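Residue numbers (this note's numbering), protein chains in the order written: chain P, 15 to 418; chain X, 15 to 418; chain H, 15 to 418; chain W, 15 to 418.
Protein chains: 4
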Amino acid sequence: MATRAASEAICAGLLPEDCAIQSMPSVSPLKWHLAHTSWFFEQFLLVPRLPDYQVFHPLFEHLFNSYYYTKGQMHPRAERGLLSRPSMDEVLGYRAHVDAGIKALLSADHRGELIGLTELGIQHEQQHQELMFTDIKHVFSVNPLQPAYREASAGSTSRGPVEMFYREFPGGISELGAKGDGSRFCFDNETPRHRTLLRPFALANRLVTNSEYREFVNAGGYRDSALWLADGWTWLQQECIERPLYWSEDLQQEFTLHGPRSIDAKSPVSHVSFYEADAYARWAGARLPTEAEWEVAAKGVVDDSARPITLSPSSASPASGNLQQLFGTLWQWTQSAYSPYPGFKPLTGSLGEYNGKFMCNQMVCRGSSCVTTPGHSRTTYRNFFYPHERWQFFGVRLAKDVAG
Amino acid sequence: MATRAASEAICAGLLPEDCAIQSMPSVSPLKWHLAHTSWFFEQFLLVPRLPDYQVFHPLFEHLFNSYYYTKGQMHPRAERGLLSRPSMDEVLGYRAHVDAGIKALLSADHRGELIGLTELGIQHEQQHQELMFTDIKHVFSVNPLQPAYREASAGSTSRGPVEMFYREFPGGISELGAKGDGSRFCFDNETPRHRTLLRPFALANRLVTNSEYREFVNAGGYRDSALWLADGWTWLQQECIERPLYWSEDLQQEFTLHGPRSIDAKSPVSHVSFYEADAYARWAGARLPTEAEWEVAAKGVVDDSARPITLSPSSASPASGNLQQLFGTLWQWTQSAYSPYPGFKPLTGSLGEYNGKFMCNQMVCRGSSCVTTPGHSRTTYRNFFYPHERWQFFGVRLAKDVAG
Amino acid sequence: MATRAASEAICAGLLPEDCAIQSMPSVSPLKWHLAHTSWFFEQFLLVPRLPDYQVFHPLFEHLFNSYYYTKGQMHPRAERGLLSRPSMDEVLGYRAHVDAGIKALLSADHRGELIGLTELGIQHEQQHQELMFTDIKHVFSVNPLQPAYREASAGSTSRGPVEMFYREFPGGISELGAKGDGSRFCFDNETPRHRTLLRPFALANRLVTNSEYREFVNAGGYRDSALWLADGWTWLQQECIERPLYWSEDLQQEFTLHGPRSIDAKSPVSHVSFYEADAYARWAGARLPTEAEWEVAAKGVVDDSARPITLSPSSASPASGNLQQLFGTLWQWTQSAYSPYPGFKPLTGSLGEYNGKFMCNQMVCRGSSCVTTPGHSRTTYRNFFYPHERWQFFGVRLAKDVAG
Amino acid sequence: MATRAASEAICAGLLPEDCAIQSMPSVSPLKWHLAHTSWFFEQFLLVPRLPDYQVFHPLFEHLFNSYYYTKGQMHPRAERGLLSRPSMDEVLGYRAHVDAGIKALLSADHRGELIGLTELGIQHEQQHQELMFTDIKHVFSVNPLQPAYREASAGSTSRGPVEMFYREFPGGISELGAKGDGSRFCFDNETPRHRTLLRPFALANRLVTNSEYREFVNAGGYRDSALWLADGWTWLQQECIERPLYWSEDLQQEFTLHGPRSIDAKSPVSHVSFYEADAYARWAGARLPTEAEWEVAAKGVVDDSARPITLSPSSASPASGNLQQLFGTLWQWTQSAYSPYPGFKPLTGSLGEYNGKFMCNQMVCRGSSCVTTPGHSRTTYRNFFYPHERWQFFGVRLAKDVAG
């Protein structure tokens with residue numbers, strides 16, 4: 015119920031219109047997120063398990079299905095923003111109806127048989143909470159009025175610059191992935207736990223900063239085809255890409271959830287695509303890490319992911335001599351295509367569509383971001399996006415080969 | 015002020031979300047209409063004429079310009095639905111601000127020098143009132159929940175069928191168009207008044223009914239290329255057109271401003287494109303009228319356009335032996351391309367963009383519709399749309415040649 | 015047979031590859047024109063009329079149908095350039111086969127019953143001869159090697175500049191169109207002959223020259239939205255139009271059937287769209303003529319259309335005090351949308367698709383061009399194209415209103 | 015010179031028109047391949063190394079650059095089919111000119127310093143030889159006349175069906191990739207040789223046959239979303255995919271380089287995309303191999319790749335108890351995304367664009383095909399294509415996990 019309430023809290027202070035807009039096909043209206051996460055509980059928990067459960071509205075099965083083809087036809091993704099009804103109020107009513115169903119169901123679940131499915135529903139809703147932040151940011155960004163989601167708190171003290179260095183790892187055989195034995199929650203795509211063989215490698219202690227990235231832009235990085243993957247170069251030319259998504263033309267301002275503000279030189283660069291991350295790394299004489307390297311390196315580091323949501327990524331801490339910004343800052347593009355782990359088996363039934371069917375054409379991101387729900391991240395977590403996407407809180411961590 | 019209030023009244027009972035949606039590029043959010051009609055008064059009346067007038071918001075000049083290129087850059091038409099802000103409440107505030115300005119301006123206009131511009135602003139707003147009805151109809155139509163704009167009033171008594179007959183006109187030289195001398199309002203595209211030479215012709219007494227049009231559909235009219243203009247046939251195949259815009263697949267139901275309801279056989283068929291109207295006429299062994307024929311025929315008929323808005327087109331009246339449904343029912347496609355009248359001169363300045371620059375690729379519609387603001391129609395009125403458009407209240411009146 | 019031979023002569027000196035290329039959907043490979051004109055005779059003359067006629071190849075009915083839907087399915091227009099087979103040699107064999115059939119048929123047509131259809135086939139082939147010139151010009155123009163269709167003949171003596179003046183016409187009632195009584199060939203779209211009422215008007219004695227048009231470009235004509243129709247402005251921006259189709263960026267060179275060469279200041283500007291012609295006229299304080307005005311003015315002028323094909327438009331003659339360049343120079347855009355004449359009836363059967371079904375969205379051009387087959391032009395001829403098209407030999411003649 | 019002559023021999027018997035057509039953007043005209051492979055030698059060998067070398071034509075550097083951005087601007091790929099010139103004859107002249115240059119250069123290369131670059135030019139031309147076969151197959155396939163590239167030889171004796179079985183491999187640490195030390199030719203993407211850790215796995219002894227794949231189609235495989243990757247399902251629906259590329263609607267005929275012929279049940283299914291291969295494997299209760307598994311399994315098998323080109327894939331041999339059809343039959347889709355090997359370094363200079371910049375969004379194919387130049391294949395060869403592509407000779411080999 016805390017997770018359910020948190021979703022609604024994200025919309026506090028927004029207008030009904032704000033929650034209805036879809037600014038591009040990848041974005042969903044906030045009200046759709048509120049309804050879809052309820053649909054998930056309704057379809058996978060209440061309808062099959064709660065006797066005499068009445069669905070809230072017969073058409074909602076169709077309207078709020080995201081991509082579960084085996085659950086039937088769905089409203090087209092790109093048309094989610096055409097629906098003024100159900101209104102925000104009706105959607106909140108839907109949520110209350112589903113919450114009541116969940117409570118009834120779980121109070122009768124004396125043997126805890128539904129804990130697994132319920133946990134999946136909670137994790138699913140937490141994933142959508144992050145999308146709600148990234149989607150409202152995009153919605154506001156395309157509006158010439160440039161509204162702020164929240165006013166900035168006064169005086170976040172700026173910390174001094176932190177030098178970048180590489181920490182070396184010896185390689186060899188390591189265990190990757192999650193056990194999936196129920197001892198701790200994980201998604202099916204993190205399994206099975208398996209061994210892999212790595213060469214020696216090194217990872218940067220912190221993320222690439224705005225100031226470093228601005229150097230790349232000023233050096234003509236977006237006009238030098240030799241730095242780019244072929245598909246990235248085509249994308250850049252077709253879309254006239256010249257800088258990170260939310261940067262102003264003069265490279266001085268960026269749009270944030272606090273509205274437009276000066277780019278902070280020491281904060282990590284955000285909202286770059288995989289293509290941009292990869293080109294930057296090549297320009298810097300480095301490369302992106304593989305997801306295996308990232309996971310091995312992250313294992314020994316304390317996950318500070320219980321920190322509160324900050325709405326913008328924080329700069330690195332001068333005090334630390336270790337890897338930092340692994341979690342809670344920005345998702346980090348890896349050079350690994352999103353593929354099944356050896357021996358991967360998706361969940362059975364419609365829930366098998368959750369992760370497995372996307373294992374093509376996407377790249378793995380690791381870590382978590384400043385708008386990831388606290389507690390939602392872990393070292394084995396595999397996030398995945400198309401290489402041209404930018405509206406998520408994406409950042410860049412560099413890696414290098416080490417002579418073995 | 016009555017006209018200004020009428021625009022807001024159209025939105026009464028709607029939710030803020032309803033007024034923010036753009037369901038296709040031709041449709042504008044209702045809130046945009048409310049703002050744009052205010053922008054028109056602000057830009058053409060208040061800014062140039064009212065001393066010390068403060069614009070409501072510096073960006074609104076950009077956001078609510080529709081197509082006046084000579085007034086500066088404008089927000090792209092297809093992206094009007096991406097703006098959650100300004101909210102409906104802010105737009106109403108904008109309207110109040112502009113209304114106050116108009117009142118101040120006109121109370122000081124002792125010699126009535128601004129009557130012409132004010133009248134233009136009023137007529138402009140009335141045109142947008144009709145668009146508000148057609149746009150909200152489309153917005154609701156694409157929603158699987160199929161909301162009603164207004165509940166239907168009980169018991170509209172159905173009138174008996176009215177036989178179609180053709181009324182003949184002798185042709186010869188007639189005067190067309192409006193004088194444009196200020197004695198009665200007209201748009202620049204209705205001028206200059208000029209003489210034209212017509213052959214004898216005949217016009218149908220009433221519009222084509224749903225039942226007649228359904229026969230055409232059932233007879234395979236949408237599958238017989240010989241009935242269609244080449245561009246119409248291409249359009250029909252690309253868009254998979256098989257029936258009027260709002261008809262259900264079984265040809266029994268149509269979507270209306272009262273929600274879905276049974277198609278009334280005796281009511282006129284509506285929401286057909288020029289291509290469909292033209293193909294139907296060919297199938298029926300007739301043709302569409304020219305705009306000159308329509309105007310000549312309409313001259314002697316009483317304009318009943320002061321009737322209240324009905325939201326759906328009414329069926330013909332059995333009592334009448336004359337031409338009927340000329341006004342207040344459905345716009346009637348003519349076979350005339352929208353071209354300048356001989357000697358046409360557009361208004362000077364930016365207002366010259368109002369009508370003249372659209373005189374290519376569009377077809378003239380005559381009459382008025384069931385959602386035209388009462389008093390807004392006249393025999394010389396020239397409405398114009400692309401031949402594939404259907405979301406306006408379009409209908410079909412047949413014509414024939416008569417041996418001279 | 016002279017017409018048939020002339021088509022093949024156009025291809026003399028070209029390579030088989032030249033005759034197979036389709037450089038845009040509006041262009042057809044020359045080999046396709048050679049085959050389609052034969053298909054026309056085969057389908058409308060030989061198959062229905064010549065006993066025991068064997069079609070050359072069973073699939074050619076499908077491959078070389080242009081747009082006669084009622085004759086069956088056809089190969090998609092945009093894919094004509096994907097066909098390496100039939101080869102040029104096979105197509106020439108097809109032509110010989112059809113020619114033999116025509117000879118056999120006509121030698122047995124003792125009562126001349128087939129003269130009408132044969133004449134239509136000849137006129138149809140002459141229309142395609144013009145297209146062959148315009149299409150090969152476009153094919154060569156997109157090739158960076160810029161090949162010449164024919165080497166230029168040495169020393170075309172340049173004539174002095176000819177001042178533009180307007181010749182006035184009184185207006186009143188005139189007869190327009192062709193009788194269509196068989197006394198002289200005409201297309202169905204030129205009928206019926208009918209009366210029209212014109213206001214006094216004036217027509218420019220000659221076409222707009224390259225030098226005059228270059229002034230318009232240099233004056234920023236392509237960047238001033240106030241000069242353009244709305245659809246023209248949209249077209250110009252989407253297609254990045256900045257000058258006539260074949261002009262070089264520096265406005266000094268143009269691509270011709272003789273390859274690239276210096277723009278001749280006194281020659282008429284060519285390969286402009288209706289939108290450009292209309293914008294130029296507005297900039298020049300004039301307008302385009304209506305097709306009725308053009309026809310009335312052309313009536314008293316000697317048609318010099320028996321002149322040989324020149325491949326490029328000639329400049330005006332200083333000697334003349336009359337209207338000139340009506341024929342044999344460039345097609346002249348009118349401001350008239352292509353619509354049916356009052357009382358128009360298309361041919362019966364599939365040949366009714368020849369002209370009538372295109373009477374929407376296109377503009378009428380009058381006159382003829384430097385690549386029109388000699389003898390193919392007349393004052394009542396109605397050519398028609400979409401307003402954005404430029405690859406035909408289009409030019410600009412100005413007109414003006416005259417106080418009545 | 016044998017390789018150079020082989021390219022020209024592929025065009026023997028074709029018409030000039032056949033060699034000029036581009037049937038889709040991925041296809042290049044055969045004449046373009048002939049010129050581009052010469053451009054490669056000219057740009058990378060002759061221009062930088064042969065004193066006083068005169069380029070054949072100054073524009074060819076632009077026209078026949080494929081994708082080497084660092085070599086300058088290039089003619090757009092999708093417009094290669096718009097060029098009638100240079101003609102086939104001119105291109106052959108270009109080839110002779112380049113051949114003479116190569117001979118002059120190599121005869122003076124006493125110390126063999128240019129062997130590496132020359133070998134790369136030869137391997138590059140061999141790759142294009144395969145594309146010439148696949149491209150002319152596509153060109154002919156879209157022609158309703160369905161021409162044959164070669165007449166089929168009489169009586170290819172059909173061999174009995176071969177049962178499918180899985181051969182198991184123990185996994186563990188293996189060496190992958192090529193040494194790249196110059197001892198044998200390899201592309202940069204095959205390096206560096208490196209160790210990898212595999213779980214036990216099994217590979218099918220032969221490729222999936224037409225008859226097996228037809229069962230999948232008949233069982234509704236193309237209509238069951240649960241079998242497909244998400245992007246594959248989207249692709250299938252948008253492109254209306256219902257069967258392999260060259261199969262007829264009744265699943266009985268396929269288009270081949272010998273023209274249309276009956277589908278041979280025992281031959282391997284060909285011209286399927288990665289999406290289809292992956293869906294088939296899922297339906298069959300198996301999966302596709304990784305590229306590492308394929309390479310490990312292929313190591314001990316005799317490469318029969320010196321066999322002659324057969325134009326169509328041969329069926330499996332009943333005699334064999336080993337893995338077969340690894341080479342010379344069909345490229346085999348793997349489940350591995352095309353990524354850099356650990357420690358990968360592209361070639362320096364423009365040749366670095368050869369392979370490395372494509373390492374995103376593509377899938378690895380292993381083996382070789384019935385139209386691969388004899389001698390061009392090896393176990394470490396990495397071919398790569400987008401997952402939706404079908405016009406290459408692609409086939410399906412199944413794999414399975416084995417309990418470790």
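Glycine is no exception: its CB is placed at the ideal position from the N, C-alpha and C atoms.
Since this is a predicted model, take the numbers as computed values, not measurements.
Where residue i falls: helix, strand or coil (DSSP)
i	result
Ala166 (chain W)	coil
Val112 (chain P)	helix
Ser184 (chain W)	The question names Ser, yet the displayed sequence has Pro at residue 184 (chain W). It is coil, neither helix nor strand.
Asn232 (chain W)	helix
Leu361 (chain P)	coil
Cys379 (chain W)	strand
Gly95 (chain W)	helix
Glu189 (chain X)	strand
Asp415 (chain P)	strand
Ser52 (chain H)	helix
Trp308 (chain W)	helix
Cβ-based burial, residue i [other Cβ within 10 Å; buried from 16]
i	result
Arg8 (chain H)	Because residue 8 (chain H) is not part of the residues shown, which for chain H are 15 to 418, the question remains open.
Gln140 (chain X)	buried
Asn397 (chain P)	buried
Val315 (chain X)	exposed
Arg404 (chain X)	buried
Pro124 (chain P)	Note on identity: in this sequence residue 124 (chain P) is His, with Pro being the wrong assignment. By the 10 Å Cβ count, His124 (chain P) comes out exposed.
Glu268 (chain P)	buried
Phe183 (chain H)	buried
Asn232 (chain H)	exposed
Asn79 (chain P)	buried
Ser353 (chain X)	buried
Beta-carbon separation (whole angstroms), residue i vs residue j, contact threshold 8 Å
i	j	result
Pro43 (chain P)	Arg94 (chain P)	6 Å
Asn375 (chain W)	Asn375 (chain P)	6 Å
TODO: Closer than 7 Å, Cβ to Cβ, to anything on chain H: give me those residues from the region 44-65 of chain X, in chain order.
DONE: none
TODO: Determine which residues of the region 97-120 of chain W have a Cβ less than 9 Å from any Cβ of chain H, and write them out in chain order.
DONE: Leu97, Ser98, Arg99, Pro100, Ser101, Met102 and Asp103
- [ ] With 7 Å as the C-beta to C-beta threshold (strictly closer), list the residues of the region 130-160 of chain H near chain W in chain order.
- [x] Val153, Val156, Asn157, Pro158 and Leu159
Task: Segment contact flag, the region 238-254 of chain H with the region 288-296 of chain H, C-beta cutoff 8 Å, min 3 pairs - done: yes
Open item on the list: Would the region 268-282 of chain H count as touching the region 329-342 of chain H if we require 3 or more Cβ pairs under 8 Å?
Closed with: Segment contact: the region 268-282 of chain H against the region 329-342 of chain H, three or more CB-CB distances shorter than 8 Å; contact assigned.
Task: Residues within the region 27-42 of chain W neighbouring chain H, beta-carbon criterion of under 7 Å - done: Leu29, Pro30, Glu31, Asp32, Ala34, Ile35 and Ser37
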